[in-house]
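Start counting the sequence shown at 508; every next residue gets the next number (the numbering used here).
Just so it is clear, CB atoms sit at the ideal spot from N, CA and C, and this is done for glycine as well.
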Amino acid sequence: MRAKSRGARFLVAVTVGAWLAAPAVTIRAAQGQPAPSRVAVTDYDMQKAGTPASLSEGELRGKKLFVQRCSLCHDLLGQPATSTVGPWVDGETVKARGEAAVRDKIKNGSRRMPGFQYTFDTPDIDRIVSYLKTVTPDQKPKPPRQLEVPID
Numbered sequence: 508m509r510a511k512s513r514g515a516r517f518l519v520a521v522t523v524g525a526w527l528a529a530p531a532v533t534i535r536a537a538q539g540q541p542a543p544s545r546v547a548v549t550d551y552d553m554q555k556a557g558t559p560a561s562l563s564e565g566e567l568r569g570k571k572l573f574v575q576r577c578s579l580c581h582d583l584l585g586q587p588a589t590s591t592v593g594p595w596v597d598g599e600t601v602k603a604r605g606e607a608a609v610r611d612k613i614k615n616g617s618r619r620m621p622g623f624q625y626t627f628d629t630p631d632i633d634r635i636v637s638y639l640k641t642v643t644p645d646q647k648p649k650p651p652r653q654l655e656v657p658i659d
């Protein structure tokens, strides 16, 4: 019963909001200003994204943790942003910086990166590093092709 009431209130709120916004759209159209409506369609390679990797159980758990906590800044899927906060991290990065330094960075963070010492325990950090060692430079995502479609 309560869910119906919430749903009804939401529907009323959306309807009232649309009703209040209608005069602004009408005024803009009357002034000869085109409405800036565009839709950007991003073409992701879902076949690649959905294909399970041949990872061990620990590496798979590390990937899951990385996707949940790290990929927003260390773009794993090639989101259509102009830039990411953190750099691309792969096995070459782990090799160049050293596993101990990568573990320390995950645990303690830096000025631009939060530390995860209260989120991940040592085995979790080990799993993330194990996963990162499986990531190759050729897996770095390229920005997906975007198609802008005008809405008229």
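Within the stretch 609-653, the alpha helix (DSSP H) runs of at least 4 residues that lie entirely inside it are, in chain order, 629-641.
Each residue's CA atom was taken as its position, placing residue 594 and residue 581 some 6 Å apart. Its chain contains 565, 566, 569 as the residues whose beta carbon lies nearer than 6 Å to that of residue 637, once the 5 sequence neighbours on both sides are disregarded; these appear in chain order. Cα atoms of residue 611 and residue 561: separation of roughly 27 Å, rounded to the nearest angstrom. Taking residue 635 as the centre and dropping the five residues before and after it, the same chain places the C-beta of 569, 572, 573, 577, 613, 627 closer than 8 Å to its C-beta, in chain order. Between residue 601 and residue 592 the beta-carbon gap is near 19 Å, outside 8 Å, which marks them as no contact. Linking residue 599 to residue 639 through their CA atoms gives a straight-line distance of about 9 Å. For the 9 Å CB-CB criterion, residue 545 and residue 658 form a contact. For residue 605, there is no enclosing alpha helix (DSSP H), since its DSSP letter is neither H nor E. When C-alpha distances from residue 642 are compared across 596, 575, 563, the shortest belongs to 596.
Taking the CA atoms as reference points, residue 623 sits about 15 Å from residue 579. Shown here, residue 567 sits in a helix according to DSSP, grouped into three states.
When secondary structure is reduced to three states using DSSP, residue 592 falls in the coil class, being assigned neither helix nor strand.
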